[in-house]
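Structure record follows, encoded as structure tokens.
Residue numbers (my numbering): 17 to 271.
In structure tokens, the structure reads:
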């Protein structure tokens, strides 16, 4: 049986006497677009940090395509195909948009960077990398900003560039931490529409943290994982989440 792209099993994270994530389990398949929702402080970002290796979990396991990465460093996990973004973008402000995208791809130079400059194969690789970067910008509808400095971008534009930079590492599993936080409604809708297309076209397993439940319920998500106080409250389709009485009472009120 083909392993899931991402398998989280009985994940628990304690900070002293505080249990931030309490024995949660879920899985995501390739080509699946999944939302992770819940109020501030419910453990969403801590879950991301444990999955991506920024935090050591207290117990439980994380597998990427069947490989146990529970005790691995972030750079080791990234080599298995898992990439993530953060809620607050971390662009290189003194570089242009296209330069920001050209940094992440691995294996860009030979063991001797000086010699690589004179090798035709290296020049061809660089051309392909540049082509790939412009294709990513086209997909995200920001190719016209390629030569703008990152410092000149709005918050929403910075989010798009951050997503583009993550895509340049050719991820097989992509974790996005609130990619539309602080982004105006129409642009937020466009971002999620493009994420849906990217998930399908590239067959990526994509997990997206979103605080606004009303928004994520209408954005083409395949499945939603609901957290509350460190626990997994439920997992299901947007319609199942919408109809769940516990979720409705806790998060959606009368909507």
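Cβ atoms here follow ideal geometry from the backbone N, Cα and C, with glycine treated the same way.
- Contact check for residue 189 and residue 97: beta-carbon distance about 6 angstroms, within the 8 angstroms limit, so the pair qualifies.
- Under the three-state reduction of DSSP, residue 156 is assigned to coil, being neither helix nor strand.
- The closest CA to that of residue 50, considering only 258, 59, 263 and 254, is found on 254.
- With respect to residue 225, residue 103 sits close: the two C-beta atoms are nearer than 9 angstroms.
- Your pair residue 27 and residue 40 checks out as a contact, with CB atoms roughly 5 angstroms apart and the cut at 8 angstroms.
- Scanning 234, 75 and 183 for the CA closest to the CA of residue 152 turns up 183.
- Under the three-state reduction of DSSP, residue 29 is assigned to strand.
- Less than 9 angstroms separates the beta-carbon of residue 107 from that of residue 169.
- Comparing alpha-carbon positions, the option among 173, 37, 47 and 187 lying closest to residue 200 turns out to be 173.
- Counting along the chain, residue 99 sits inside the beta strand (DSSP E) bounded by residues 98–100.
- In the DSSP assignment, residue 221 falls within the unbroken beta strand (DSSP E) covering 221–226.
- Residue 42 is positioned such that its CB atom lies closer than 9 angstroms to that of residue 241.
- Annotation: the continuous alpha helix (DSSP H) that includes residue 182 extends over 171–183.
- The three-state secondary structure of residue 263, taken from DSSP, is helix.
- Here residue 36 carries a strand assignment [DSSP, helix/strand/coil].
- The bridge partners DSSP lists for residue 189 are 98 and 221.
- Per the C-alpha coordinates, the member of 232, 264, 221 and 230 positioned closest to residue 19 is 221.
- Per the C-alpha coordinates, the member of 46, 143, 146 and 34 positioned closest to residue 219 is 46.
- Contact check for residue 105 and residue 178: beta-carbon distance about 4 angstroms, within the 8 angstroms limit, so the pair qualifies.
- A check of alpha carbon separations from residue 29 across 236, 185, 56 and 86 identifies 86 as the nearest.
- When C-alpha distances from residue 55 are compared across 194, 244, 236 and 90, the shortest belongs to 244.
- Between the beta-carbon of residue 79 and that of residue 238 there is about 20 angstroms, and that puts the pair past the 8 angstroms contact cut.
- Check the Cα spacing between residue 235 and each of 140, 203, 264 and 265: the tightest is with 203.
- Of 115, 73 and 258, the smallest CA-CA separation from residue 32 is found for 73.
- In the three-state reduction of the DSSP assignment, residue 117 falls in the helix class, which pools H, G and I.
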